[in-house]
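The next block holds one structure in the form of structure tokens; read it before the comments.
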Amino acid sequence: MKVIVFGMLAEQIGSSEISVDKVDDTKMLKSVLIERYPSLKSVPFQMAVNANKISENIRLNENDVIALLPPFAGG
Amino acid sequence: MTEEKKDKSYFYAGAITPEMIANSIAGHSRKKNIGAHQIFLGQVREDAVNGQKVKAIEYSVYHELANKEIAKIREELIVKHQLTCAHVLHSEGLVSAGEICFFVFVSSPHRNEAVDACAEMVNRIKKEVPVFGKEIFENETYQWKENKD
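Top to bottom, those sequences are chains Z and P. Positions in the first sequence are counted from 1; adding 39 to them yields the working numbering. Positions in the second sequence are counted from 1; adding 14 to them yields the working numbering.
The following block contains the structure:
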């Protein structure tokens, strides 16, 4: 599955796009990512799946594109 | 008309110029049912952090989601406030202190709707749209910006 990363998170992880093995849902994905990149624990972030913001745990499919969004700074 | 084309981008590479804003105002004179325009301009402020001044902000954007969110906010506010017209433009890439990075322009037959809609549009965009900013200081160090209000 493709994970795209923005802003301060991309800088911390060292990449704006990473690949992960399929997991069942966004909650699991978050644990997998935090395990791989422990610095993610210190930055609050939202997730979006296929360019849809999510506010709760949702199931994931192999071809989903998940985005990690640090705090916004627009306007 | 309030419709925008599909795949509309609300982002512009670089600072938004006063000329662009003036041209937008001029373009609305043909819409004869407009009685009021309310315009918001966001300018990059030369904030001081630990004795260093902000020289520029570098904006990055999650385009697919950001355009979708702006389109949604725009459409909701056009309906809610019965606007004749609403335009949004946000810079991406580097914008220097003193330059315009955000332009919201709403129009309606009477002023109350335009005033209210513009304020709501600005607040919602700042809160809901995935735009990221790196504040670059004079000595080339930087920090990531976070909207507070």
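Note that the Cβ used here is the ideal one computed from N, Cα and C, for glycine as well. The model shown is predicted, which means the values in this text are computed figures rather than measured ones.
Give the range of the alpha helix (DSSP H) segment to which residue i is assigned.
{"i": "Ile53(P)", "result": "Per DSSP, Ile53(P) belongs to no alpha helix (DSSP H); it is in the beta strand (DSSP E), Ala50 to Gln57."}
{"i": "Gly41(P)", "result": "Pro32 to Gly41"}
{"i": "Ala70(P)", "result": "Per DSSP, Ala70(P) belongs to no alpha helix (DSSP H); it is in the beta strand (DSSP E), Gln66 to Val75."}
Under the DSSP definition of a beta bridge, which residues are partnered with residue i?
{"i": "Phe116(P)", "result": "Gly56(P) and His104(P)"}
{"i": "Met86(Z)", "result": "Leu107(Z)"}
{"i": "Arg98(Z)", "result": "Asp64(Z)"}
{"i": "Lys148(P)", "result": "Glu72(P) and Trp158(P)"}
{"i": "Lys41(Z)", "result": "Ser58(Z) and Val104(Z)"}
{"i": "Ala62(P)", "result": "Lys67(P)"}
{"i": "Ser121(P)", "result": "His51(P) and Cys99(P)"}
Which first and last residues belong to the beta strand (DSSP E) in which residue i is found?
{"i": "Leu107(Z)", "result": "Val104 to Leu108"}
{"i": "Thr139(P)", "result": "Reading the sequence as shown, one finds Ile at residue 139(P) and not Thr. Unbroken run through Ile139(P) is the alpha helix (DSSP H), Arg125 to Glu142; no beta strand (DSSP E)."}
{"i": "Lys92(Z)", "result": "No beta strand (DSSP E) holds Lys92(Z); DSSP gives it neither H nor E."}
{"i": "Ala27(P)", "result": "Phe25 to Ala27"}
Round the Cβ separation of residue i and residue j to the nearest angstrom and send it over; I've been treating them as touching at under 8 angstroms.
{"i": "Ile6(P)", "j": "Cys99(P)", "result": "Lying before the first or after the last residue shown, residue 6(P) is absent from chain P, which here runs from 15 to 163."}
{"i": "Met40(Z)", "j": "Leu99(Z)", "result": "7 angstroms"}
{"i": "Ala29(P)", "j": "Ser110(P)", "result": "7 angstroms"}
Taking any Cβ of chain Z, which residues in the segment 143-155 of chain P have a Cβ under 8 angstroms from it, in chain order? Val143, Pro144, Val145, Phe146, Gly147 and Lys148
Contacting positions in the segment 115-139 of chain P - beta carbon closer than 7 angstroms to chain Z: Phe116, Val136 and Ile139
At a CB distance below 7 angstroms, what residues from the segment 44-78 of chain Z approach chain P? Give them in sequence order. Phe45, Gly46 and Met47
At least three beta-carbon pairs within less than 8 angstroms, the segment 120-131 of chain P to the segment 67-85 of chain P: no
When Cβ atoms are compared, which residues of the segment 66-79 of chain P fall closer than 7 angstroms to chain Z? Ser74, Tyr76, Glu78 and Leu79
Beta carbons nearer than 8 angstroms to chain Z: which residues of the segment 44-61 of chain P have them? Gly56
With 9 angstroms as the C-beta to C-beta threshold (strictly closer), list the residues of the segment 91-103 of chain P near chain Z in chain order. none
Whether or not the segment 50-64 of chain P and the segment 97-115 of chain P are in contact is what I'm after, with contact meaning three or more pairs of Cβ atoms, one per stretch, closer than 8 angstroms; do they touch? yes
Are at least three pairs of beta-carbons, each pair with one atom in the segment 89-96 of chain Z and one in the segment 60-75 of chain Z, less than 8 angstroms apart? yes
Contact between the segment 43-57 of chain Z and the segment 72-86 of chain Z: three or more CB pairs below 8 angstroms? yes
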